[in-house]
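Chemist:
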Amino acid sequence: MAGKTKKTAQKPAGRKATFGGNTPMGRPGQPDEVAPCYVFLAGDGGSYMTGWVLHPNGGRIANG
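For the sequence shown, position 39 matches number 19 in my numbering, and the numbering has no gaps at all.
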């Protein structure tokens, strides 16, 4: 179960196979792809950001 939580390990196989398929990239984001956004906002680099949302979602928001 390395790299998975108990909750994701219990999802039906079909659900896991299609999760993230509706994004323009055609796959779910991986932790190492989305984590830098949160680290940026929590760190000094995001200290001057207010009222903005980062969408690390594989282009889903940009494409409607």
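Backbone N, C-alpha and C define an ideal beta-carbon position, used for all residues, glycine too.
Fair warning: this is a prediction, and the values are worked out from it, not measured in the lab.
Can you give, in chain order, each stretch of the alpha helix (DSSP H) that sits fully within the region -12 to 42 and has at least 4 residues?
Modeler: With a minimum length of 4 residues, the continuous alpha helix (DSSP H) runs that stay inside the region -12 to 42 are -7 to -2 and 11 to 22.
Chemist: Please classify residue 38: is it buried, with 16 or more other beta-carbons within 10 angstroms of its beta-carbon, or exposed?
Modeler: By the 10 Å Cβ count, residue 38 comes out buried.
Chemist: Would you say the region 18 to 25 touches the region -10 to 6, given that touching needs at least three Cβ pairs under 8 angstroms?
Modeler: Output reads no: the region -10 to 6 does not touch the region 18 to 25.
Chemist: Which residue from 36, 24 and 40 puts its Cα closest to that of residue 14?
Modeler: Checked all of 36, 24 and 40; the closest Cα to residue 14 is 36.
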